[in-house]
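Working notes, structure below.
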Amino acid sequence: MARGCGRDHVLIAAVVTAALLTPNQSTRHDPAVVTALVDLAARSAPGRTDPASTRLGGQEVVLRRYLVEGGTVVVATSAHAFPTPVGAQPRPGTAMAWTISRDAVTVYCPHSRVLLAGPIPVGTLVALGEQLHLG
């Protein structure tokens, strides 16, 4: 009987190891400011569009909110460049612009000091960025 228990422990260890080594969206290590913005955008309700200065993931930012196509978009601007997450998709035809999706939130970076995030398609984020002259 003790011999069977040893095999069980080896099997459990193998399953746990495989789970830890298998990448998935929930275990990505995005920069803290990107993670904080995604979390904020996921739970953001329509609100004021007045600028609000705050720290987000350790970075000083100014936040604004916009109601777009039934979803709230959070726009973060900073005097310092936002870090690019691993796996960010470059936007064709634009230097330095990228997008990522995390759960139901899309993040668009038109340039290094601006991030737009919300539960809406990337095309809508790009259009908002152009409308606000953030590109």
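Per the working numbering, residue 6 is the first one in the sequence shown, and the count goes up by one each step. Beta carbons: idealized from backbone N, C-alpha and C, even for Gly. On a predicted model such as this, the values are computed, not experimentally measured, just so you know.
- Between M101 and S117, the C-beta gap is smaller than 8 Å, which places the two residues in contact.
- With the rule of 3 Cβ pairs closer than 8 Å, the region 119-133 counts as touching the region 72-80.
- Note: T59 is bridge-paired with V66 in the DSSP secondary-structure output.
- The region 45-55 makes contact with the region 96-113: 3 or more CB pairs, one atom from each, lie closer than 8 Å.
- Cβ contact annotation for V79 (same chain, cutoff 7 Å, sequence separation greater than five): L42, L45, A46, S49, L68, R70, A122, G123, in chain order.
- Counting the other CB atoms within 10 Å of its CB gives P97 a total below 16, which places it among the exposed residues.
- Taking the C-beta atoms as reference points, T99 is found no nearer than 8 Å to V127.
- Distance from the CA of A57 to the CA of A37, rounded to the nearest whole angstrom, comes to 19 Å.
- Residue burial is scored here from C-beta neighbours: A86 has fewer than 16 other C-beta atoms within 10 angstroms and is therefore classed as exposed.
- At the C-beta level, G62 and T40 come within 8 Å of one another.
- Inside the region 85-120, DSSP marks no whole alpha helix (DSSP H) run of 4 or more residues.
- In the three-state DSSP reduction, G76 falls in the strand class (E or B).
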